[in-house]
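**Q** I'd like to ask some things about the structure below.
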Ligand SMILES: *Cc1c(COP(=O)(O)O)cnc(C)c1O
């Protein structure tokens, strides 16, 4: 008899972006003219920079000639890219990561979603609340989350982030095995300072906890007190896996390329054995993954050239200016705005603690602006909405003008 993975049946429908789209669509039908602005979806809009485009064109040409043709690449990724990462993302920050500790992938969603393959079903998992849903759902699929009880999972440990704790998760009071941290944070746009991250690393070292550190928004950090990598913190190589992505850094959401770092020092004691997670992940990837495309990897490597670096910085700065512009406009209206300084997201408290879906409806009807209701990211997201900074400048100027006219 065929059996399915019952854990999938426990998953609630993924309603957040579908509900947003259907509400927007219904409202669009009522309008004479479609002037709805979306500040909701976390996708980039600026085109790829010319350094990346040129590198990808030349990679396509390589594939066109038998002398330079490439088929399957190394499963862990091409050495030219892994070395560029070690030399540019880590060495200048005083972090010694070798190319062998880096695994190139098709993006951080796959990696953060797949990493659970190497964990046992009995691991106790903690997530921040609100949270990037991939961590939660992928653990639910593996049977580690328990049952869904309306707004949370019975077997996950939630670390609430709210105004009172400065949106910084407290160390859990219960025993956990694994914790997912995403900094700069999606959806809150908040960061951890060096000291705050040190506290987590020390806690993990003292309690044998594995930290899954998602640094997909690292490129948006400008504050010198905010670490770009968890490996800037002493001892972290023994306890942390780091996820990176070129999606938000360089507009690779459609190209697809990212990477995971699993330090050689990262060992887990399991049933009396000292297991090296790097070797386990290599085994997992070489069985289930055949590598990111040569074209994507060539494009990613171009980000580390002088020209590429400058062009990528310009785009990031463009988005950061959008965030600053919108933040200023919202604050002028008297709204409380968090994040947006080292991240492309603004986390905005709804006026008078209005439920986030009600404020979503209000903004849609009164200003024709789409946001993302915070409740969609977890119970502590209630009372907040998320705005993204990934649109065009004109969009933000228009949005700010409309928001100013609102009566809140
Ligand atoms: C966008 C995003 C990613 C990156 O996903 P890709 O699969 O690399 O496009 C990873 N983590 C978070 C929290 C994100 O918001």
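Residue numbers (the numbering used here): 32 to 439. Idealized CB from N, CA, C, for every residue including glycine.
#1: Kindly examine ligand 1 and report whether one of its heavy atoms sits closer than 7 angstroms to the Cβ of residue 289.
#2: What did DSSP end up calling residue 297 once you bin it into helix, strand or coil?
#3: Would residue 322 and residue 106 qualify as a contact pair, given that the criterion is a beta-carbon distance under 8 angstroms?
#4: Along the chain, which unbroken stretches of the alpha helix (DSSP H) at least 4 residues long are found entirely within the segment 107-173?
#5: Taking 8 angstroms as the cut-off, does the segment 107-121 touch the segment 374-382 (at least 3 CB pairs, one atom from each stretch)?
#6: Going by the CB atoms, is the gap between residue 243 and residue 143 shorter than 8 angstroms?
#7: Count the CB pairs spanning the segment 344-357 and the segment 305-325 that are closer than 8 angstroms, and state whether there are at least three.
#8: What number of angstroms, rounded off, separates the C-alpha of residue 203 from the C-alpha of residue 40?
#9: Does ligand 1 have a heavy atom nearer than 7 angstroms to the CB of residue 170?
#10: Please list, in chain order, all residues of the same chain as residue 149 whose beta carbon is under 7 angstroms from its beta carbon, the five residues on each side excluded.
#11: Only counting the same chain, and skipping five residues up and downstream in sequence, which positions put a Cβ closer than 8 angstroms to that of residue 412?
#12: Can you grab the Cα-Cα spacing for the pair residue 512 / residue 281, in whole Å?
#13: Specify, as a first and last residue, the run of the beta strand (DSSP E) that residue 271 falls within.
#14: Helix, strand or coil: which one does DSSP assign to residue 236?
#15: Verify whether the separation of the beta carbon atoms of residue 381 and residue 414 is less than 8 angstroms.
#16: Could you tell me which residues DSSP puts in a beta bridge with residue 305?
#17: Quick one: measure Cβ to Cβ for residue 229 and residue 264, integer angstroms, because I've assumed they're closer than 8 angstroms.
#18: Quick check: residue 82 and residue 336, are their CB atoms within less than 8 angstroms of each other?
#19: Can you give me the C-alpha to C-alpha distance between residue 215 and residue 274, rounded to a whole angstrom?
#20: Would you report the Cα separation of residue 89 and residue 239, rounded to the nearest angstrom?
#21: Within a Cβ cutoff of 6 angstroms, which residues of the same chain sit near residue 155, ignoring the five residues on either side of it in sequence?
#22: For a test of the three-state rule: what should DSSP assign to residue 242, helix, strand or coil?
#23: Taking the continuous alpha helix (DSSP H) assigned at residue 39, which residues delimit it?
#24: Do you know offhand how far residue 327's Cα is from residue 210's?
#25: When you measure from the CB of residue 245 to every non-hydrogen atom of ligand 3, does any distance come out below 7 angstroms?
#26: Considering Cα atoms alone, identify which of 179, 248 and 195 is closest to residue 75.
#27: Under the three-state reduction of DSSP, which class applies to residue 320: helix, strand or coil?
#28: If I follow the unbroken alpha helix (DSSP H) through residue 184, where does it start and stop?
#29: Determine the closest residue to residue 171 out of 271, 44 and 197, with distance taken between C-alpha atoms.
#30: Grab me the residues of residue 416's own chain with a C-beta within less than 7 angstroms of its C-beta, minus the 5 sequence neighbours each way, in chain order.
#31: Got a sec, what are the start and stop residues for the alpha helix (DSSP H) residue 432 sits in?
#32: By how many angstroms is the C-alpha of residue 137 removed from the C-alpha of residue 94?
#33: So for residue 343, helix, strand or coil by DSSP?
#34: Within 7 angstroms: the Cβ of residue 143 and any heavy atom of ligand 1?
**A** Reading off the structure:
#1: At least one heavy atom of ligand 1 falls within 7 angstroms of the beta-carbon of residue 289.
#2: DSSP, read as helix, strand or coil, puts residue 297 in coil.
#3: Going by C-beta atoms, residue 322 is nearer than 8 angstroms to residue 106.
#4: Here the runs fully enclosed are 110-116, 139-145 and 164-172.
#5: Output reads no: the segment 107-121 does not touch the segment 374-382.
#6: In this structure, residue 243 lies closer than 8 angstroms to residue 143 by Cβ.
#7: Judged by Cβ distances under 8 angstroms, the segment 344-357 makes no contact with the segment 305-325, as fewer than three pairs qualify.
#8: So the alpha carbons of these two residues sit roughly 29 angstroms apart.
#9: Outside the cutoff, so no.
#10: Cβ neighbours of residue 149 beyond the five flanking positions: 308, 311, 312 and 315.
#11: Once the five neighbours on either side are set aside, the close Cβ partners of residue 412 are 160, 161, 218, 387, 404, 405 and 406.
#12: Outside the modelled stretch of the chain, which goes from 32 to 439, sits residue 512, for which no answer is possible.
#13: For residue 271, the enclosing beta strand (DSSP E) covers residues 271-276.
#14: Judged by DSSP in its simplified three-state form, residue 236 adopts helix.
#15: In this structure, the beta-carbon distance from residue 381 to residue 414 falls below 8 angstroms.
#16: Bridge partners of residue 305 according to DSSP: 300.
#17: For residue 229 against residue 264, the beta-carbon gap comes to about 5 angstroms, under 8 angstroms, which counts as contact.
#18: Annotated as proximal: residue 82 and residue 336, with beta-carbon spacing under 8 angstroms.
#19: Straight-line Cα distance between these residues: approximately 12 angstroms.
#20: About 46 angstroms.
#21: 207 and 208, listed in sequence order.
#22: Here residue 242 carries a strand assignment [DSSP, helix/strand/coil].
#23: 38-41 is the span of the alpha helix (DSSP H), which, as asked, contains residue 39.
#24: CA-CA distance, residue 327 to residue 210, rounds to 30 angstroms.
#25: Of the ligands this structure carries, namely ligand 1, none is ligand 3.
#26: Among 179, 248 and 195, the Cα nearest to that of residue 75 is on 248.
#27: DSSP, read as helix, strand or coil, puts residue 320 in coil.
#28: Segment: none, residue 184 is in no alpha helix (DSSP H) and carries neither H nor E.
#29: Ranking the options by Cα distance to residue 171, first place goes to 44.
#30: Within the same chain, residue 416 has close Cβ partners 379, 381, 387, 390, 391, 402, 403, 404 and 405.
#31: Segment 424-435, the alpha helix (DSSP H) holding residue 432.
#32: Just so you know, the alpha carbons of residue 94 and residue 137 end up roughly 19 angstroms apart.
#33: Residue state, collapsed to three classes: helix.
#34: Yes; taking the cut-off as 7 angstroms, the Cβ of residue 143 has a heavy atom of ligand 1 nearer than that.
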